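Colleague:
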Amino acid sequence: MANKVWAYIDQFKGAATPASWEAVAVARTLANQIGGGVTAVILGSGVEGLAQTAFHYGADEVLLADDPALADYRVDSYASTLVAAAKVGSPAVILFPTNTRGREVAGLAAMDLESGVIPDVTEIVLEGEQVVATRPVYAGKLLAKVVCSARPQMVTLRVRAFGKPEMDASRSGTVTKIAAVTDGDKVKVTGYSESEGRLSLTDAGVIVSGGRGTSNRADLQPPDDITDEKQKEIWRAQQGFKLIGELAQTLGAALGASRAAVDAGYIPYSHQVGQTGKVVSPDLYIACGISGAIQHQAGMRSSKVIVAINKDAEAPIFKLARYGVVGDLYDILPALTKAMKERLGK
Amino acid sequence: MKIVVCVKQVPDTAAKVAVEGGKVTWGDAPLVINPWDEYAVEAALQAAEKGGGTVTAISLGAEEAKEALKHALAMGCAEAVLVNDPALAELDTQGASRVLAAAIRKVGGVDLAVFGKQAIDGDSGVTAAQTARVLGWPAATLLASLSLESGTLKGERAMEEGRQRVEAALPAVASIVKDYGEPRYPSFMGIRKAAKAEIPAWTLADLGIPTPAAAVMWKEIMNPPARQITNEMITGSSPEEIANKLADKIMEEKVL
Ligand SMILES: Cc1cc2nc3c(=O)[nH]c(=O)nc-3n(C[C@H](O)[C@H](O)[C@H](O)COP(=O)(O)OP(=O)(O)OC[C@H]3O[C@@H](n4cnc5c(N)ncnc54)[C@H](O)[C@@H]3O)c2cc1C
Ligand SMILES: Nc1ncnc2c1ncn2[C@@H]1O[C@H](COP(=O)(O)O)[C@@H](O)[C@H]1O
Numbered sequence: 001m002a003n004k005v006w007a008y009i010d011q012f013k014g015a016a017t018p019a020s021w022e023a024v025a026v027a028r029t030l031a032n033q034i035g036g037g038v039t040a041v042i043l044g045s046g047v048e049g050l051a052q053t054a055f056h057y058g059a060d061e062v063l064l065a066d067d068p069a070l071a072d073y074r075v076d077s078y079a080s081t082l083v084a085a086a087k088v089g090s091p092a093v094i095l096f097p098t099n100t101r102g103r104e105v106a107g108l109a110a111m112d113l114e115s116g117v118i119p120d121v122t123e124i125v126l127e128g129e130q131v132v133a134t135r136p137v138y139a140g141k142l143l144a145k146v147v148c149s150a151r152p153q154m155v156t157l158r159v160r161a162f163g164k165p166e167m168d169a170s171r172s173g174t175v176t177k178i179a180a181v182t183d184g185d186k187v188k189v190t191g192y193s194e195s196e197g198r199l200s201l202t203d204a205g206v207i208v209s210g211g212r213g214t215s216n217r218a219d220l221q222p223p224d225d226i227t228d229e230k231q232k233e234i235w236r237a238q239q240g241f242k243l244i245g246e247l248a249q250t251l252g253a254a255l256g257a258s259r260a261a262v263d264a265g266y267i268p269y270s271h272q273v274g275q276t277g278k279v280v281s282p283d284l285y286i287a288c289g290i291s292g293a294i295q296h297q298a299g300m301r302s303s304k305v306i307v308a309i310n311k312d313a314e315a316p317i318f319k320l321a322r323y324g325v326v327g328d329l330y331d332i333l334p335a336l337t338k339a340m341k342e343r344l345g346k
Numbered sequence: 347m348k349i350v351v352c353v354k355q356v357p358d359t360a361a362k363v364a365v366e367g368g369k370v371t372w373g374d375a376p377l378v379i380n381p382w383d384e385y386a387v388e389a390a391l392q393a394a395e396k397g398g399g400t401v402t403a404i405s406l407g408a409e410e411a412k413e414a415l416k417h418a419l420a421m422g423c424a425e426a427v428l429v430n431d432p433a434l435a436e437l438d439t440q441g442a443s444r445v446l447a448a449a450i451r452k453v454g455g456v457d458l459a460v461f462g463k464q465a466i467d468g469d470s471g472v473t474a475a476q477t478a479r480v481l482g483w484p485a486a487t488l489l490a491s492l493s494l495e496s497g498t499l500k501g502e503r504a505m506e507e508g509r510q511r512v513e514a515a516l517p518a519v520a521s522i523v524k525d526y527g528e529p530r531y532p533s534f535m536g537i538r539k540a541a542k543a544e545i546p547a548w549t550l551a552d553l554g555i556p557t558p559a560a561a562v563m564w565k566e567i568m569n570p571p572a573r574q575i576t577n578e579m580i581t582g583s584s585p586e587e588i589a590n591k592l593a594d595k596i597m598e599e600k601v602l
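Line by line, the protein sequences give chains Z and V.
Its first residue numbered 1, the first sequence is counted upward by one per residue in my numbering.
Its first residue numbered 347, the second sequence is counted upward by one per residue in my numbering.
(1) Cβ-heavy atom distance between Val273(Z) and ligand 1 below 7 Å?
(2) Counting only the same chain and skipping the five closest in sequence on each side, list residues whose C-beta sits under 7 Å from that of Val181(Z).
(3) Which residues mark the beginning and the end of the alpha helix (DSSP H) in which Thr439(V) is found?
(4) Span of the beta strand (DSSP E) holding Leu516(V)?
(5) Could you confirm whether any beta carbon from chain Z is found closer than 8 Å to the beta carbon of Ala408(V)?
(6) Would you decide whether Lys141(Z) is buried or exposed? Buried here means 16 or more other CB atoms lie within 10 Å of its CB.
(7) What is the DSSP secondary structure of Tyr531(V), reduced to helix, strand or coil?
(8) DSSP beta-bridge partners for Trp6(Z)?
(9) Check Ser493(V) in the structure and name its three-state DSSP category.
(10) Does the beta carbon of Glu395(V) come closer than 8 Å to any beta carbon on chain Z?
(11) Going along chain V, which residues have a C-beta under 9 Å from Asp120(Z)?
(12) If you measure beta-carbon to beta-carbon, which residues of the stretch 553-581 of chain V are closer than 9 Å to chain Z?
(13) Between which two residues does the alpha helix (DSSP H) containing Leu201(Z) stretch?
(14) Would you call the stretch 350-368 of chain V in contact with the stretch 383-397 of chain V, where contact means no fewer than 3 C-beta pairs closer than 8 Å?
(15) Is Met1(Z) close to chain V? Criterion is C-beta to C-beta, closer than 8 Å.
(16) Could you tell me which residues DSSP puts in a beta bridge with Thr134(Z)?
(17) Taking Cβ-Cβ distances shorter than 7 Å, what residues in chain Z pair up with Thr487(V)?
(18) Straight-line CA distance for Leu437(V) to Trp235(Z)?
(19) What is the DSSP secondary structure of Asp66(Z), reduced to helix, strand or coil?
(20) At 3 residues or longer, what runs of the beta strand (DSSP E) sit wholly inside the stretch 539-570 of chain V?
(21) With C-beta atoms as the reference, is Val121(Z) less than 8 Å away from Arg158(Z)?
(22) Check whether the Cβ atoms of Pro484(V) and Ala478(V) sit closer than 8 Å, and answer yes or no.
(23) With a threshold of 8 Å between beta-carbons, can Cys288(Z) be considered close to chain V, or not?
(24) Closest to Lys565(V) by C-alpha separation, out of Gly184(Z), Arg135(Z), Val262(Z) and Asp72(Z), would be which residue?
(25) If I follow the unbroken alpha helix (DSSP H) through Asn415(Z), where does it start and stop?
(26) Just curious, the beta strand (DSSP E) that Met154(Z) is in, first and last residue?
(27) Regarding Ser644(V) and ligand 2, is the C-beta to nearest heavy atom distance less than 7 Å?
(28) Can you give me, in chain order, the residues of the stretch 57-84 of chain Z that have a beta carbon less than 9 Å from any beta carbon in chain V?
(29) Along the stretch 369-393 of chain V, what residues have a CB closer than 8 Å to any CB found in chain Z?
(30) Could you tell me which chain Z residues have their CB closer than 8 Å to the CB of Arg530(V), listed as they occur along the chain?
(31) With a threshold of 8 Å between beta carbons, is Phe318(Z) in contact with chain V?
(32) Here's a check: name, in chain order, each residue in its chain whose Cβ is nearer than 6 Å to the Cβ of Ile306(Z), leaving out the five neighbours to either side.
(33) Would you kindly work out how many angstroms separate the C-alpha atoms of Glu114(Z) and Ala92(Z), rounded to a whole number?
(34) With DSSP collapsed to three states, give me the class of Gln574(V).
(35) In angstroms, rounded to a whole number, what distance separates the CA positions of Glu229(Z) and Ala144(Z)?
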C-alpha cells in the first residue's frame with residue numbers, strides 16, 4: 001500500500017479548481033513509476049459528480065467524503081478528514097494544488113501526520129519512492145531541490161507548472177465513501193462575497209496587465225467635475241485599463257496589475273502580480289505600461305510567452321519579453337485588440 | 347488583551363540573491379523585516395489599540411533577527427523576544443511552528459497570535475496554519491480584515507474566488523494579507539525606544555521543548571537556469587502595422 005499516490009481535489013462550491021486535475025495527472029505519472037495506484041480524495045457536499053472526472057484524468061480510486069457538514073470550506077474539518085483517511089491508506093505521496101486552500105490543508109495534515117509539506121513545487125522526480133521536488137525560493141531568484149524524509153510526502157504543485165493534463169473519457173474506477181471528520185471545526189464560516197474578476201489570475205492561461213503607465217496620456221482630459229489631481233490620475237488610469245480590459249476580453253484573459261497601479265488606487269489589490277501579489281505562469285502575459293521591477297518579475301517570469309508594451313526602450317521588462325513594442329499603450333492597444341479580433345473571428 | 351506577532355528577518359526584496367559555493371548570498375543588501383509581517387504588525391497593533399492591550403513581537407532566528415524585532419518595536423509593539431538556539435539552524439516549517447507555538451505558550455495568556463502571509467525567503471506560506479494546529483487554536487488565515495469582539499475574532503479571508511467571512515473563538519491564530527491596509531511607518535519616538543530596548547533571547551531549554559526533527563530538507567540550492575528567450579522588437583510605421591505584426595506573432599506561438 002505504501003506506493004500509493006494520492007491527489008487532493010480542491011473544490012470551491014462544488015466545482016473543482018482546474019489545478020486539481022493537474023495534481024491527478026502528475027500523481028498518475030508518479031504512480032506509474034513506483035508501480036502503485038492513484039487515489040483522488042474528494043471532500044465536500046454534493047461533490048460525487050467530480051469522481052468521474054477524476055477517473056478521466058487518471059485516478060483508479062476515489063475516496064469520497066460527501067457530507068453537508070463539509071459544504072463550506074473550513075480548514076480544520078477538511079484537514080482532519082484527509083488525515084483520518086491517510087492514516088488508514090498510508091500513501092507514499094499526497095499531491096495538492098498550490099492555492100490558498102491547498103497550502104493550508106497540506107500544512108495542517110503535515111502536522112497531524114508528523115511528516116512535512118513541500119509547497120509550490122514546479123518539478124518533481126522520483127528517486128526510488130523518494131520524491132525530489134524542485135521549487136522556486138527567494139521569489140524565484142533561486143531554485144531548491146527539496147526532499148521529505150517522513151511519510152506521506154506532501155507536496156503542493158504550482159498551478160499550471162506541469163502542463164495541461166490529459167483526459168481519457170473511457171477510464172473509470174471505484175468510489176469508496178469515507179466519513180467526514182468535523183468535530184474539530186474551530187473556524188466558522190458566516191458568509192461569502194465574490195470578488196470582481198471571476199477569472200482567477202492563477203488559473204488563467206492568458207493575462208493582460210497594466211502598470212503606472214496606464215495613467216500617462218497627456219491629451220486625455222478628465223471631465224470638469226474632477227478637480228482633484230489624484231482623482232484625475234485615477235480617471236486617466238481607468239481609461240488605460242479600459243483598453244487593457246478590451247484586449248483581455250478579446251483574448252479571454254484575466255486582468256493583472258503592477259503594485260504601483262494597485263497602490264495608486266487604479267485597480268484592486270486582488271489583481272496585483274508579483275512578489276507581494278500573485279505568482280502566475282500563464283501561456284501568454286502581456287505587460288502594458290509596466291517597467292518590470294524585480295518584485296514584479298518575481299510574479300510573472302515563468303510565463304511562457306511574455307509581450308511588453310512600454311514607451312521606454314530601456315525598461316527592464318524588455319529583457320524578459322519574447323516580443324517587445326516600444327510605444328504608447330494608448331496607441332498600440334486599440335490596434336492590437338482590433339487585429340486580434342480579426343484573427344480570432346470575433 | 348495580549349497579542350503576539352511573529353516576524354521574520356529576510357533579505358530585502360530588491361536584493362540580488364544568488365548561490366555561491368553552495369551558499370545563499372545577497373551581497374551587501376540589507377536584511378529587513380519580512381514585508382508581509384509589517385501588515386501583521388499593523389493588524390496586531392490596531393487590534394491592541396481597539397481592545398486595550400499590548401503586542402509582543404517574536405522572531406525565531408540568529409542574533410541579527412533582532413533588527414526585525416526592532417522594526418516591530420519602532421512601529422509600536424510593547425515587547426520583543428528573540429528565539430535563538432544553535433540547534434535551530436536546520437528547521438523546516440513544521441519545526442518552526444512547534445518552536446513558535448512553544449514561545450507563544452511561554453509568553454502566556456495570549457489571546458491572538460498574528461502572522462504574515464508568507465516569508466519571502468522560503469516562500470512557504472504555511473507556518474501560521476501549522477502553528478495554530480500545534481496550539482490547538484483556530485487558524486483564521488489570509489485575513490483582509492480583522493476585528494475582536496467579546497472573545498470572538500471576526501474577519502474576511504481572501505481566497506481566489508472572493509472573500510469568506512469567518513468567526514472563531516479566542517485564543518486564535520490569524521494571518522494577514524495586503525488588503526488589510528498599509529502598515530504604519532515607525533515613529534521617531536518608536537525608533538529611539540527600539541534602539542534602547544533590551545531584547546531577551548530564549549533558547550530551546552527556556553521553551554522546554556526538544557529540538558524538532560526536520561522532515562523537509564533543502565538537498566540542493568541553485569541559481570535558476572538563464573531564461574532561454576530571444577528578444578524580438580516589433581517595429582512599424584504606424585500602430586496598426588505594429589499591432590498586425592504582433593498579432594501574427596502571437597497567433598504563431600499557439601498560446602491562445
Ligand atoms: C517589498 C516590496 C514588494 C513589492 N511587491 C511588488 C509586487 O508584488 N508586484 C509589483 O508589480 N511590484 C512590487 N513592488 C514594487 C516594484 O518595486 C515597482 O515599484 C512596481 O512594480 C512598479 O510598477 P510599474 O511598473 O507599474 O510602475 P513604474 O515603475 O513607474 O513603470 C511605469 C512604466 O510605464 C511606462 N509608461 C508610461 N507611460 C506609458 C504609456 N502611455 N504607454 C506605455 N508605457 C508607458 C514607463 O516607461 C514605465 O516603464 C514591490 C516593492 C517592494 C519594496
Ligand atoms: N523564523 C520565524 N520567526 C518568526 N516568525 C516566522 C518565522 N518563520 C515564519 N514566521 C511567520 O510565519 C509567516 C509565514 O511564514 P512561512 O510559512 O515560512 O512562509 C511569516 O510571515 C511570519 O509571520
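Even for Gly, the Cβ is constructed at its ideal location relative to N, Cα and C.
Small disclaimer: the values here were computed from a predicted structure and weren't measured.
Modeller: In terms of the structure at hand:
(1) yes
(2) Cβ neighbours of Val181(Z) beyond the five flanking positions: Ser77, Ser80, Thr81 and Ala84.
(3) Thr439 to Val453
(4) Neither: Leu516(V) is in no beta strand (DSSP E) and is coded neither H nor E.
(5) no
(6) Under this definition Lys141(Z) is a buried residue.
(7) coil
(8) Thr39(Z) and Ile94(Z)
(9) Strand at Ser493(V).
(10) Chain Z contact via Cβ: absent.
(11) Asp469, Ser470 and Gly471
(12) Ala559, Ala560, Ala561, Val562, Met563, Trp564, Lys565, Glu566, Ile567, Met568, Asn569, Pro570, Pro571, Arg573, Ile575, Thr576, Asn577, Glu578, Met579, Ile580 and Thr581
(13) It is not in any alpha helix (DSSP H) - Leu201(Z) carries neither H nor E in the DSSP assignment.
(14) yes
(15) In this prediction, Met1(Z) scores a pLDDT of 48, lower than 50, which makes its location untrustworthy; the coordinate-derived value is nonetheless stated afterwards. No, Met1(Z) does not count as interfacial toward chain V.
(16) Glu123(Z) and Lys145(Z)
(17) Glu104
(18) 49 Å
(19) strand
(20) 562-568
(21) yes
(22) yes
(23) no
(24) Arg135(Z)
(25) The first residue shown for chain Z is 1 and the last is 346, placing residue 415(Z) beyond what the model contains.
(26) Gln153 to Leu157
(27) Residue 644(V) lies beyond the residue range present for chain V, which begins at 347 and ends at 602; the question has no answer from this structure.
(28) Those residues of the stretch 57-84 of chain Z that come within reach of chain V (Cβ to Cβ, closer than 9 Å) are Asp72, Tyr73, Arg74, Val75, Asp76 and Ala79.
(29) Val370, Pro381 and Trp382
(30) Per Cβ cutoff of 8 Å: no residues; Arg530(V) is ~15 Å from chain Z at best.
(31) yes
(32) The residues are Tyr285, Leu320, Ala321 and Arg322.
(33) 14 Å
(34) coil
(35) 47 Å
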